[in-house]
Amino acid sequence: MCGVFGVHLHPHAAQVAAIGLHALQHRGQESAGLAVSSGPVLRVHRAMGSVAEVLDEATLSGLPGRVAIGQVRYSTTGSSLLKNAQPLCVESPRGTLAMVHNGNLTNALPLRRELQDQGAVFTSSTDTEVALHLLARETEGTLAERTLRTVERLEGAFSLLVLQGDELVAARDPHGYRPLVLGKRSQPNGNVWMVASESAALSLCGAQLEREVEPGEVVALGVNGPVSLWMLRRPSRKACVFEHVYFARPDSRVFGQTVLEVRKRLGMQLAVEQPVPGAEVVVPVPDSGVSAALGYAEQAGLPYEFGLIHSQVVGRSFIQPTIALRESGVRRKLVPVADVIAGRSLVVVDDSLVRGTTSRQIIGLLRAAGAREVHLRIAAPPTAWPCYYGIDTPDRGQLIASRMNPSQMAEFFSCDSVAYLSEPGLLTAANGQPGGWCTACFSGDYPEPMRR
Ligand code: SF4
């Protein structure tokens with residue numbers, strides 16, 4: 024998963040974009056970068072690390088310009104290396120191009136082979152570079168027109184931004200798997216348009232959320248506002264429901280709904296489907312289980328207490344790239360509160376169960392702090408299938424739900440019970456258009472195949 028941000032015609036574009044990326048830091052912590060254009064000159068800075076580490080004040084002051092795009096990344100296609108950090112940049116016949124991308128292309132491999140057969144040389148192992156090569160070969164028309172012809176060849180998930188000169192173009196795949204929103208900041212000397220993976224990034228930059236970039240839309244940001252072109256493929260919305268379950272910030276509006284409200288409804292539905300007789304308190308797994316636990320407690324009429332405190336030392340454990348890092352991350356970031364836990368029957372609510380690594384450690388912490396009973400409730404169905412569209416669960420063997428049923432998990436975690444939200448319950452709580460969600464990691468029902 025990644026976060027992308029763009030700003031058009033702001034005198035301090037690099038500084039604004041860095042703030043936007045900071046608001047998207049939860050979407051990727053391996054690398055960060057910016058491409059900033061002053062018109063004739065396009066400068067790129069990217070490095071491994073967080074936004075604060077990579078884009079410090081001195082670096083930003085060396086990136087003058089009025090248009091910028093940037094990305095925070097964790098690796099899906101392409102490993103966690105500097106060569107795969109974004110923005111990617113290339114010299115094309117029409118000038119220097121930069122691109123950032125959130126999502127995974129499902130036809131990147133055949134396209135890469137085709138380009139290599141034609142003599143293309145790749146400098147990264149990312150699918151984004153495939154899209155950039157295709158775009159660099161387009162020589163006719165505006166940047167928006169060239170981007171449109173490029174994205175017509177792409178399959179899978181892409182919310183991407185392209186920068187050349189003063190032109191900034193955003194594009195979103197016809198299924199709209201990954202979120203992408205447009206915002207506007209009114210200034211005395213004209214509007215500044217921004218585009219971001221999540222609305223929270225717009226708010227932090229003083230912009231109002233205007234609308235989503237629609238599935239199948241290619242939009243050029245101009246002085247007179249956004250100008251849209253449309254892909255030939257009919258939009259068929261398959262928004263990633265996992266954005267609401269886990270990824271997006273609770274204060275963002277994603278796919279037209281506030282994430283916090285959706286998560287709370289997931290928790291309420293979970294309480295209806297999976298009650299725990301005799302439970303005394305609902306304990307959220309911070310931070311991702313907090314909103315669902317609130318809904319669970321409200322629906323079940325139980326007290327809601329923080330039995331685990333998030334120490335704020337490290338980032339989100341799910342998106343750290345190795346299991347060893349994830350495990351040490353859990354121990355460092357969660358502290359049990361014995362007064363809440365000791366001698367009580369707990370309903371522990373988490374947003375999802377992917378590998379099970381984190382949950383096993385959390386239950387160990389609660390047991391060690393004296394919990395009498397621990398009942399794990401998951402505000403999503405079992406994650407039993409890998410994601411092809413931009414979330415790092417490529418190997419089915421890594422997914423605990425593909426190997427164990429809830430009773431086996433309870434034994435493995437040393438807890439009293441494990442229970443999930445049903446898929447119909449998820450869709451009821453997520454609301455939205457009927458059939459408009461991708462739920463493939465729960466159902467195995469993939470909207471598009473992965474091409475080899
Ligand atoms: S497979 Fe799951 S994580 Fe991937 S896009 Fe679909 S719902 Fe989202």
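Numbering (the working numbering), first residue to last: 24 to 475.
We put the beta carbon where it would ideally sit given N, CA and C, even for glycine.
These numbers come from a predicted model, not from an experiment.
| Asked | Found |
| --- | --- |
| Reduced DSSP category for Ala121 - H, G, I as helix; E, B as strand; rest coil | strand |
| Distance CB(Leu293)-CB(Arg160) smaller than 9 Å | no |
| Start-to-end residues for the alpha helix (DSSP H) that takes in Ser19 | Given that the chain is displayed from residue 24 to residue 475, the structure contains no residue 19 and the question cannot be resolved. |
| Own chain partners of Leu134 with C-beta closer than 6 Å, once the 5 adjacent residues on each side are dropped | Val153 |
| Close Cβ partners of His45 (< 6 Å) along its chain, the five nearest in sequence each way excluded | Val74 |
| Runs of alpha helix (DSSP H) wholly within the segment 410 to 465 (minimum 4 residues, chain order) | 429 to 436, 446 to 453 |
| Touching by the beta-carbon criterion (3+ pairs, under 8 Å), the segment 290 to 304 and the segment 366 to 379 | yes |
| Which residues DSSP lists as bridging Arg176, in chain order | Beta-bridge pairing links Arg176 to no other residue. |
| Three CB pairs or more closer than 8 Å across the segment 236 to 251 and the segment 64 to 74 | no |
| heavy atom of the ligand SF4 below 8 Å from Phe265 C-beta | yes |
| Own chain residues within Cβ distance below 7 Å of Arg276, not counting five before or after | Ser222, Leu232 |
| Pick from Ser220, Gly459, Val268, Asp468 that is closest to Gln48, judged by C-alpha positions | Ser220 |
| Coil, strand or helix - Ala302 by DSSP | coil |
| Cys25 CB to nearest heavy atom of the ligand SF4 below 8 Å | no |
| Any non-hydrogen atom of the ligand SF4 within 8 Å of Phe465 CB | yes |
| DSSP-derived helix/strand/coil call for Pro87 | coil |
| Which of helix, strand or coil DSSP assigns to His49 | helix |
| Where Ser190 falls: helix, strand or coil (DSSP) | In the sequence as presented, Ser is not what sits at residue 190; that position holds Glu. Looking at Glu190 - three-state DSSP - the assignment turns out to be strand. |
| Short Cβ contact (9 Å threshold) for Gly88 with Ser115 | no |
| Status (buried if at least 16 other CB within 10 Å, exposed otherwise) for Gln431 | exposed |
| Option nearest Ala320 by Cα separation, candidates Arg288, Ser311, Met122, His333 | Arg288 |
| Glu240 versus Met254: straight-line alpha-carbon distance, rounded | 6 Å |
| Segment contact flag, the segment 124 to 132 with the segment 172 to 185, C-beta cutoff 8 Å, min 3 pairs | yes |
| Thr462 beta carbon near the ligand SF4 (any heavy atom closer than 8 Å) | yes |
| Burial state of Ala81 (16 or more Cβ within 10 Å) | exposed |
| Three or more C-beta pairs below 8 Å linking the segment 387 to 398 and the segment 453 to 462 | no |
| Collapsed DSSP secondary structure at Pro214 in the structure displayed | Looking at the sequence provided, one finds Asn at residue 214 rather than Pro. Strand, per DSSP. |
| Spatially closest choice to Lys12 from Ser54, Gln139, Asp140, by CA coordinates | The chain is shown from 24 up to 475; residue 12 falls before or after that span and cannot be answered. |
| Three-way DSSP call (helix, strand, coil) for Pro238 in this model | coil |
| Paired residues, beta bridge with Thr281 - DSSP | Arg276 |
| Thr416 to Ile423 span [Cα, whole Å] | 11 Å |
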